[in-house]
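Following: one structure in structure tokens, then a few remarks.
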Amino acid sequence: LSTEELHFERMISSIYVFGFVFCLVCYLFRWKSRPKNFPPGPLGIPMLGVAPFAGSKLENYLASFYKKYGGVMSFRLGPKDWVVLNDLEAITQAFTKQGESFSGRPKSVVFDQLTQGCGIVFANGDRWQHQRRFVLTALKRLGMGKRTMDAIINEETNRFIASVQLAGGTVSILIRRLQANNTCNFLSGKHFDYKDKRLQAIIDHRPALSAVIFYLHMIKCGSLQNVMFLCTAINSNAKYQANKKSSIFACVVTMINNHKQSLDENNLCDFIDIFLSDMKKQKGDFFTKLQLCHLIRDLFVGGIDTTTAALGWGIVCLLNFPECQDKIHQEIDQIIGKLNYAVPNMSHQEKMPYLRAFIQEVHRFQTIAGLNIPHCVTEDCILYGYRIPKGTPVMSNIWFVHNDPAHWQEPQKFRPERHLDGDGKFIPSNRVIPFSVGHRSCLGVQLAKAELFLFYAGVLKHHEFQVDPNFGLPDWSRDDGGTLKTPKDFTVCIKER
Ligand code: HEM
Ligand SMILES: *[C@@H]1O[C@H](CO)[C@@H](O)[C@H](O)[C@H]1NC(C)=O
Ligand SMILES: *[C@@H]1O[C@H](CO)[C@@H](O)[C@H](O)[C@H]1NC(C)=O
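When we follow this note's numbering, the leftmost residue of the sequence shown carries the number 1, and every step to the right adds one.
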């Protein structure tokens, strides 16, 4: 090479180096900066934020800052700043009192792909408000909190007992099928085809989105889109989700077509009927077949995975604390009675403080959605004097509300008695919030509560759960496949008593 060429090459490489350093400095400046008067909290390291430090239990990590920052803090995940609500007061202030501005869902590429902007759980704006109102009215019309609901759930509970006795063993999958039966009854009534192989495959499949992928994808919400290995993981998950979506959709489309044929305006018997009837009457953007498909998918996932996890933990508790099962048995004998025609219904609840305390303690002790579903603020707002710009994603630490030692004595102990007063009366706690609070809280609360109560009352009336000697006592380890905290598969024996 000539000296001139050499010189030129050096110049080029120093421009590269200079450019690189310049970008790095700019990046670090930008990385350090936060919106003015933003809630305080850890930044972690560039690119990854606190991800390397948070460990596998993000809720514990966030709670560890509570003493330092109080109810409202922030942290950086990937390149994105999140606001965290760490106690009940902050959560209530934001989701209930300022619910108008705190009820969005963060935008995300993966969920956009998955939902096409439809459905309800990840919907935003007018569509969300419209559909939420629709779902609430529809569920009420279908007899939420009425006798018919009790009857349907009781019938399915009896089928569950029969299928456990028949198949024995692995109870996790049977709980899931029970919950699928319950949910499908409300959504699709008699048009739900239990023998549909596709539907069975979906029901028996493990919960969808893995926690790791979920957090990776949250990190991805910013500029990390270009880091290839993340993208591959996320995209393959998105593809998997899309496949799963299409198989759910295939079933749903069949269901809808069956409904269309038999639609009788004077006799709307299930959720799809009501939607189709409104679709006929009302014009507008939100009553479309696509929206109905996504809505059904959301209710399917929201209704099955959650109650399955809650019941799973409940049974693990019954096995680990047999004295609780004894007390529930006593209460059932006393209030409902052992006779065959004495069938449990929701009005028994009032008279069964111990069972209610047990259920509330399971919710507290094994928090299924420890960090809730993420929210985001839909406009600039002020919380506790901090400024939070429009679009900021918000996490809420339900797990810590359930485990704050300032409010719970020995929170790591399972103790239903903590929910009973001196006279043995049940104390409903506003500090047990598995369904979240405020404008975006769970739409299925009433259904879920009935499913839980009638399950325990119905199954334990004549039966008891016993440890399967071949399997041993199930422990507290969670299935690490999903975002919801679910017990690992386990087997039990169910004996007549
Ligand atoms: C033990 C059972 C359940 C638990 C612990 C639970 C918990 C939750 C939580 C934490 C949320 C998010 C609330 C928020 O963003 O602030 C939620 C939302 C939701 N749940 Fe549940 N849920 C349960 C059962 C059900 C059932 C049976 C259904 C109904 C079919 C249902 C339907 C929904 C829907 C539609 C939403 C979205 C609401 C919205 O985004 O506006 N859930 N649930
Ligand atoms: C769900 O319903 C079907 C049809 O009635 C029944 O065969 C099955 O045993 C039920 N499954 C459970 C676990 O209840
Ligand atoms: C619940 O069952 C009791 C008898 O066990 C009955 O007296 C009562 O009317 C039932 N309530 C409802 C709402 O079905």
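Quick reminder that beta carbons are idealized off the backbone N, C-alpha and C, glycines included.
In this text, all values refer to a predicted model and were calculated from it rather than measured experimentally.
Backbone CA spacing between residue i and residue j [nearest angstrom]
{"i": "Arg431", "j": "Leu311", "result": "20 Å"}
{"i": "Thr421", "j": "Gln325", "result": "According to the sequence shown, residue 421 is Asp rather than Thr. Their Cα atoms are separated by approximately 20 Å."}
{"i": "Phe471", "j": "Glu417", "result": "29 Å"}
{"i": "Pro374", "j": "Ala342", "result": "43 Å"}
{"i": "Ser277", "j": "Asn258", "result": "14 Å"}
{"i": "Ser441", "j": "Ser108", "result": "20 Å"}
{"i": "His407", "j": "Gly19", "result": "54 Å"}
{"i": "Val139", "j": "Gly370", "result": "Per the sequence shown, residue 139 should be read as Leu rather than Val. Rounded to the nearest angstrom, the two C-alpha atoms are 26 Å apart."}
{"i": "Thr392", "j": "Gln291", "result": "26 Å"}
{"i": "Gln98", "j": "Pro389", "result": "14 Å"}
{"i": "Arg531", "j": "Gln334", "result": "Absent from the model: residue 531. The displayed extent of the chain is 1 to 497, so no value can be given."}
{"i": "Thr433", "j": "Cys23", "result": "According to the sequence as given, residue 433 is Ile; it is not Thr. Cα to Cα, Ile433 sits roughly 46 Å from Cys23."}
{"i": "Ser64", "j": "Asn403", "result": "12 Å"}
{"i": "Cys293", "j": "Phe249", "result": "6 Å"}
{"i": "Arg159", "j": "Lys327", "result": "25 Å"}
{"i": "Tyr16", "j": "Lys32", "result": "24 Å"}
{"i": "Gln225", "j": "Pro469", "result": "With a pLDDT of only 37 at Gln225, under 50, the local geometry of the prediction cannot be trusted, and the value read off the model is given with reservation. For Gln225 and Pro469, the distance between alpha carbons rounds to 50 Å."}
{"i": "Val171", "j": "Thr157", "result": "13 Å"}
{"i": "Asn266", "j": "Gly189", "result": "16 Å"}
{"i": "Ala208", "j": "Glu379", "result": "Any answer about Ala208 is weak, because its pLDDT of 47 lies below 50 and its placement is not dependable; what the coordinates show is given next. One C-alpha to the other measures close to 31 Å."}
{"i": "Leu6", "j": "Ser14", "result": "12 Å"}
{"i": "Thr115", "j": "Ala123", "result": "8 Å"}
{"i": "Pro52", "j": "Leu174", "result": "38 Å"}
Candidates the options: closest to residue i by CA position
{"i": "Gln200", "options": "Phe186, Leu178, Leu371", "result": "Leu178"}
{"i": "Leu339", "options": "His462, Gly444, Met255", "result": "His462"}
{"i": "Leu295", "options": "Ala250, Val135, Asp264, Asp273", "result": "Val135"}
{"i": "Tyr386", "options": "Leu276, Leu6, Phe29, Asn37", "result": "Asn37"}
{"i": "Leu319", "options": "Leu28, Ala90, Glu464", "result": "Glu464"}
{"i": "Val301", "options": "Ala180, Leu166, His329", "result": "Ala180"}
{"i": "Glu323", "options": "Val492, Phe414, Ile153, Gly41", "result": "Phe414"}
{"i": "Pro40", "options": "Phe18, Tyr69, Phe53, Ser14", "result": "Tyr69"}
{"i": "Gly71", "options": "Ser188, Lys140, Lys280, Leu383", "result": "Leu383"}
{"i": "Ser436", "options": "Cys26, Met346, Ser103", "result": "Ser103"}
{"i": "Thr183", "options": "Ala167, Asp285, Ile153", "result": "Ile153"}
{"i": "Gln131", "options": "Pro428, Pro474, Gln366, Asp285", "result": "Asp285"}
{"i": "Pro405", "options": "Met11, Lys67, Asn185, Met279", "result": "Lys67"}
{"i": "Gln466", "options": "Lys495, Asp196, Leu460", "result": "Lys495"}
{"i": "Ala151", "options": "Met346, Glu361, Ile368, Cys381", "result": "Met346"}
{"i": "Phe186", "options": "Ile161, Met279, Glu379, Ile304", "result": "Ile304"}
{"i": "Phe453", "options": "Lys425, Ile336, Ser14, Val253", "result": "Ile336"}
{"i": "Trp476", "options": "Phe321, Pro428, His329", "result": "Phe321"}
{"i": "Val492", "options": "Arg34, Asp479, Thr254, Pro474", "result": "Pro474"}
{"i": "Ile359", "options": "Lys351, His419, Pro344", "result": "His419"}
{"i": "Cys251", "options": "Arg297, Thr148, Gln366, Pro42", "result": "Arg297"}
{"i": "Glu361", "options": "Asn372, Pro344, Phe426", "result": "Phe426"}
{"i": "Ala357", "options": "Ser429, Thr367, Pro35", "result": "Ser429"}
{"i": "Thr137", "options": "Phe275, Ile368, Gln366", "result": "Phe275"}
Closer than 7 Å: residue i CB and nearest ligand 1 heavy atom
{"i": "Thr306", "result": "yes"}
{"i": "Ile373", "result": "yes"}
{"i": "Arg440", "result": "yes"}
{"i": "Thr183", "result": "yes"}
{"i": "Gly302", "result": "yes"}
{"i": "Gly434", "result": "Checking the sequence, you will find Pro at residue 434 rather than Gly. Flag set: Cβ of Pro434 near ligand 1."}
{"i": "Leu299", "result": "yes"}
{"i": "Ile332", "result": "no"}
{"i": "Arg132", "result": "yes"}
Nearest-angstrom beta carbon gap, residue j and residue i [assumed within contact, 8 Å]
{"i": "Ala457", "j": "His348", "result": "7 Å"}
{"i": "Thr307", "j": "Ala94", "result": "In fact, because the Cβ distance is near 27 Å, the residues do not count as touching under 8 Å."}
{"i": "Glu331", "j": "Leu299", "result": "32 Å between Cβ atoms; not a contact."}
{"i": "Val83", "j": "Val394", "result": "5 Å"}
{"i": "Ser74", "j": "Val377", "result": "Not confirmed; about 12 Å, so no contact."}
{"i": "Gly444", "j": "Thr96", "result": "That belief does not hold up - the Cβ atoms of Gly444 and Thr96 are roughly 19 Å apart, past 8 Å."}
Residue i CB to nearest heavy atom of ligand 3 below 7 Å
{"i": "Ala450", "result": "no"}
{"i": "Asn345", "result": "yes"}
{"i": "Ala342", "result": "yes"}
{"i": "Arg127", "result": "no"}
{"i": "Arg147", "result": "yes"}
beta-carbon residue i near ligand 2 non-hydrogen atom, thresh 7 Å
{"i": "Ser163", "result": "yes"}
{"i": "Phe160", "result": "yes"}
{"i": "Leu174", "result": "yes"}
{"i": "Arg537", "result": "Outside the displayed range of the chain (1 to 497) lies residue 537, so it cannot be described from this structure."}
Worksheet item: Hey, is the stretch 314-330 in contact with the stretch 475-493, meaning 3+ C-beta pairs nearer than 8 Å?
Response: yes
Item to complete: Would you be able to state if there are at least three C-beta pairs under 8 Å between the stretch 76-91 and the stretch 37-50?
Response: yes
Item to complete: State whether the stretch 48-62 contacts the stretch 395-402, with contact taken as three or more CB pairs (one from each stretch) at a distance under 8 Å.
Response: Result yes; three or more Cβ-Cβ pairs closer than 8 Å.
Practice prompt. Please confirm if the stretch 116-125 is in contact with the stretch 86-93, defined as three or more CB-CB distances below 8 Å between the two stretches.
Written response: no
Item to complete: Decide if the stretch 267-274 is in contact with the stretch 433-451; the criterion is three or more beta carbon pairs, one per stretch, under 8 Å apart.
Response: no
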